[in-house]
Amino acid sequence: MKVVVGQGSCGIAAGAGKAFDILENKLNKNHELTFTGCIGMCYLEPIVDVYNNDELHRFVKVSGEIAEKIAEAVNNNDFSISAEYEIADDDKAFLSSQTRIALRHCGLINPEKIEDYIADNGYEAIKKCVTQMTPEEVIEIIKISGLAGRGGAGFPTWFKWNAARNSESEDKYLICNADEGDPGAFMDRAVIESDPHTLLEGMLIGAYAIGAKEAIVYVRAEYPLAVKRLKKAIKQAREAGFIGKNIFGTDFSCDFTIKAGAGAFVCGEETALIESLEGSRGMPRLKPPFPAQSGFLRKPSNINNVETFANVAWIINNGGEKFAAMGTETSKGTKVFALTGKVNKGGLVEIPMGKTLRDVIFGIGGGIRDGKEFKAVQMGGPSGGCIPAHLLDTVIDYKALSATGAIMGSGGMVVMDESTCMVGMAKFFLDFTAKESCGKCTHCRIGTKRMLEILTRITEGEGKPEDISLLEELCYSIKDGALCGLGQTAPNPVLTTLKYFRDEYTDHIENKHCTAHECSKLVKYKINADACRGCTACAGKCPTDAITGEVKKAHLIDRDKCIGCGTCMATCRFGAVEVE
Amino acid sequence: MTLFNSKNDSDLSLLDETLERYGDVPENLITVLQSAQEIYGYLPTDVIIRISQRMGVPITKIVGVATFYSQFRLTPIGKYLIMLCKGTACHVNGADGIYDAISSHLGINDNETTEDGLFTIKCVACLGCCSLSPVMMINDDTYGSLTPEKAINILDSISQKEGNA
């Protein structure tokens, strides 16, 4: 039998390494033990798959104890021993209701074995391109497919490729943006960790199409496992002759380098990324000239995101029409989302464009945790916005999502329930963009700081009546005055929360009240002496020792020490901790 | 946090291999700084001067780059670097409460190191383990589904192991 342990970053953090070690010790040696990348059901990690011929037994939340049971079941070929740890039917729908193209190998192949990738038509698409097609024909297929940039902006991929193709130069560069800086998104990490050869093949096809001899992957330094697997994949592909000189015996040559980013959100902007590749501060350049004319080292360059490249080999193998058959009028193919937050089932979701937000959050994601109310979903990270409950039937399509004030973005989908303060959410993003603003444009550098100050005082009960109009004024002047996407979109989280949750702003300002009970300065906890049994549980859990009291007597909260974290309220079994 | 250190006794020979490999191309500056930080734990002044001389890049530019990117440090860090994730999913699931708890427990703020040199807190944008939020990484180990209490227990067990409990 073949036993496969899911070992993406999330799986490892959840304890997949321990499960692997136990299986390695306990399994009889006639069974094959291997690993795969991210299966995508993060909420069930660690996951172990057992293939008994064609029969799949999938085990979830595998602790050390369960790993031992699995080993016993496999060794005895008796799955009744471990039946209770197998995935529930309800959870199987999480994967079965998806359409996976970019993620087609995730959780199925061993990312560190090129043989696994080759076995599923791997490197056939690039072979077809270089031996049977002209670069123009490749670009034509991408044009037919309607593939658009998955990094968030949704710009047609063929157009960028064509512009770079038409730039005359001996040296051109094909660059992959794997600097996934959007907090709350991990699609690109998952693709690289789970299927690095898909990225390499997509990039090779792009390099052939534009006429580049050098390809560069700019990857986040915070993703050590992704970097490791990518390095290994490049080495294997080079040894196999897919990378290097005269690929498939043709004139096409292309080599790869990896550059680790150093932690700057603005480097997701393509000209800032180029500055960073050149060893400078990542500050955006004026456009035009566009990178297709003058990019890395002032040579024609083309930059696409990881997910964009992950679709390319599939499109070449299956045809542009098949890809374009999925989706809506303006958005073709599928999109990967990282579904997280207060949702029951969090993980990686790839669905055809045209499905609704409700399909994803309530269908695949199984709705909101702990029976609470859905409040909003945040899409597009710091450049995006919050979409409220009454717009849950919005279809996933670049245009339709932009119409709400949010954006498609790179695929972060953070679900919020009634306990999330929307002013706090806007403050969270402005805190991020104020820190990440590169400082080049005054409106962005100073404007985001002023907005953060205003939002901070609102959440601390110091808001003034004129603050809302001041915020709006700042939003529009930053949008107009900023050079790059970071500044132009930084006000979006504020604008969308003002549009859909204005009441919360006025409630904070006028009534010094936070509906979600999240703004700690506006929330005062107290213990109801009648309900308190003096069990001491809250005092034991209080991180700042703010709760005192004798056993079996009512406890008290020291206001000066209390940080408003709410741990006491979550701990109390008698409902004695209340918000004033 | 002081912006600069005045270290002048680093073992610069440790840097030779990196400079040999990458030093000829000024575009490799970030790669060289990453490698230097891996070697020394931060970017000591004498190391920056050495890189400047070898690569022909002005010190001002190196410091400009080092202070622009969040990865680089100009001061030493504690033995255990706590990277507390403040990504969106962690925020929604209570990362601020975790920060308040560990910050008041250790008596230090973001980017500060405890007096005994054991812990440094660094808030980071996203560790990409959103489904386990709230999350922190201590050196190479990731801890997920944190509560304030659980986070403090983890720190205590490290302190205990180090004999400082």
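Chain order of the listed sequences is Y and S.
Under my numbering, residues 736 to 1315 are what the first sequence spells out, in order.
Under my numbering, residues 84 to 248 are what the second sequence spells out, in order.
For every residue, glycine included, the Cβ atom is placed at its ideal position computed from N, Cα and C.
Can you list the residues of chain S that residue i reaches, using a CB-CB cut of under 8 Å?
i	result
Y/Leu1012	Glu110
Y/Arg924	Gly211
Y/Tyr1260	Within chain S, no residue comes near Y/Tyr1260; the closest Cβ sits about 13 Å away, beyond 8 Å.
For the candidate residues the options, whose alpha-carbon lies nearest to that of residue i?
i	options	result
S/Ala178	Y/Met1114, Y/Cys1300, Y/Asp986	Y/Cys1300
Y/Thr1306	Y/Gly1220, Y/Gly1269, Y/Thr892	Y/Gly1269
Y/Ser880	Y/Glu1197, Y/Ala947, Y/Thr985, Y/Thr1069	Y/Thr1069
Y/Leu762	Y/Ala748, Y/Asn812, Y/Cys773	Y/Asn812
Y/Cys1254	Y/Cys1179, Y/Asn1227, Y/Phe1163, Y/Val962	Y/Phe1163
Y/Arg955	Y/Gly946, Y/Ala942, Y/Ile940, Y/Ala920	Y/Ala920
Y/Thr1177	Y/Leu1218, Y/Val797, Y/Thr1043, Y/Tyr1235	Y/Leu1218
S/Asp99	S/Ser118, S/Thr203, S/Ile185, S/Pro109	S/Ser118
S/Asp92	S/Asn236, S/Gly227, S/Leu126, S/Glu121	S/Leu126
S/Asn192	S/Pro109, S/Asp183, S/Asp199	S/Asp183
Y/Ala925	Y/Lys1276, Y/Thr769, Y/Gly741, Y/Val1150	Y/Gly741
S/Asp199	S/Glu121, S/Ile113, S/Thr150, S/Gly161	S/Gly161
S/Val140	S/Ser187, S/Ser216, S/Ile113	S/Ile113
S/Leu238	S/Gly211, S/Thr128, S/Thr197	S/Thr197
Which residue comes first and which comes last in the alpha helix (DSSP H) that contains residue i?
i	result
Y/Thr1224	1220 to 1224
Y/Asn897	892 to 901
Y/His1243	1237 to 1246
Y/Ala939	Before going on, a small fix: residue 939 of chain Y reads as Leu here, not Ala. Looking at the DSSP string, the run of the alpha helix (DSSP H) that includes Y/Leu939 is 931 to 945.
Y/Cys1316	This structure does not reach residue 1316 of chain Y, given that chain Y is present from 736 up to 1315, and the question cannot be answered.
Y/Met1304	1302 to 1306
Y/Thr1129	That residue, Y/Thr1129, is in no alpha helix (DSSP H); it is neither H nor E in DSSP.
Y/Ala888	From DSSP, Y/Ala888 is part of no alpha helix (DSSP H); its letter is neither H nor E.
Y/Lys1261	That residue, Y/Lys1261, is in no alpha helix (DSSP H); its beta strand (DSSP E) goes 1260 to 1262.
Given that a residue counts as buried once 16 or more other Cβ atoms are within 10 Å of its Cβ, and exposed if not, what is residue i?
i	result
Y/Val809	buried
Y/Ala754	buried
Y/Asp930	buried
Y/Asp1295	exposed
S/Ser96	exposed
Y/Asp784	buried
Y/Leu1190	buried
S/His174	buried
S/Leu167	buried
Y/Glu1085	buried
S/Thr85	Model confidence at S/Thr85 stands at a pLDDT of 46, short of 50, so the residue's coordinates are unreliable and nothing is read from them.
Y/Arg900	buried
Y/Arg835	buried
Y/Ala1138	exposed
Y/Val1314	exposed
Y/Phe991	buried
S/Val130	buried
Between which two residues does the beta strand (DSSP E) holding residue i run?
i	result
Y/Val783	783 to 787
Y/Thr1168	Note, Y/Thr1168: premise wrong, no beta strand (DSSP E); alpha helix (DSSP H) at 1157 to 1171.
Y/Arg793	790 to 794
Y/Cys911	908 to 913
Y/Ile877	Unbroken run through Y/Ile877 is the alpha helix (DSSP H), 870 to 880; no beta strand (DSSP E).
Y/Val740	737 to 741
Y/Glu1085	1082 to 1087
Y/Gln1113	1109 to 1114
Y/Thr834	Counting along the chain, Y/Thr834 falls outside any beta strand (DSSP E), and DSSP gives it neither H nor E.
Under 7 Å between beta-carbons, which chain Y residues line up against residue i? List them in chain order, please.
i	result
S/Tyr152	Ala997, Gly998, Ala999
S/Pro231	Pro1278, Cys1300, Thr1302
S/Val175	Gly1076, Lys1077, Val1149, Met1151, Thr1155
S/Gly227	Ala748, Ala749
S/Phe155	Ala997
S/Ile235	Pro1278
Run down chain Y in chain order and give the residues with a C-beta less than 9 Å from the C-beta of residue i.
i	result
S/Gln117	Ala956, Ala995, Ala997
Would you say residue i touches the ligand SAH, meaning its beta carbon is less than 6 Å from a heavy atom?
i	result
Y/Cys777	Ligands are entirely absent from the displayed structure, and the ligand SAH is therefore not among its contents.
If the cut is a Cβ gap below 8 Å, which residues of chain Y does residue i touch?
i	result
S/Thr143	What S/Thr143 touches in chain Y: nothing, since even the nearest Cβ is about 11 Å away.
S/Ser187	Pro1278, Thr1279, Ile1298
What in chain S is Cβ-close to residue i, meaning under 9 Å?
i	result
Y/Ser1015	Glu110, Leu112, Ile113, Lys144, Gly147, Val148, Phe151
Y/Ser744	Leu210, Gly211, Cys212, Thr225
Y/Gln1113	Thr171, Val175
Y/Tyr953	Result: empty, since nearest Cβ-Cβ is about 10 Å, beyond 9 Å.
Anything in chain S within Cβ reach of residue i, meaning under 7 Å, just list it in chain order.
i	result
Y/Pro918	Gly170, Thr171, Ala208, Cys209
Y/Phe1167	Ala208
Against chain C, does residue i count as a neighbour if the rule is that its beta carbon must be under 7 Å from one of theirs?
i	result
S/Gly124	Absent from the structure: chain C. Protein chains present are Y and S.
Which runs of the beta strand (DSSP E) spanning at least 3 residues fall entirely within the segment 155 to 211 of chain S, listed in chain order?
-> The segment 155 to 211 of chain S contains these whole beta strand (DSSP E) runs: 163 to 168, 202 to 207.
Along the chain, which unbroken stretches of the beta strand (DSSP E) at least 3 residues long are found entirely within the segment 995 to 1069 of chain Y?
-> Correct list: 1036 to 1040.
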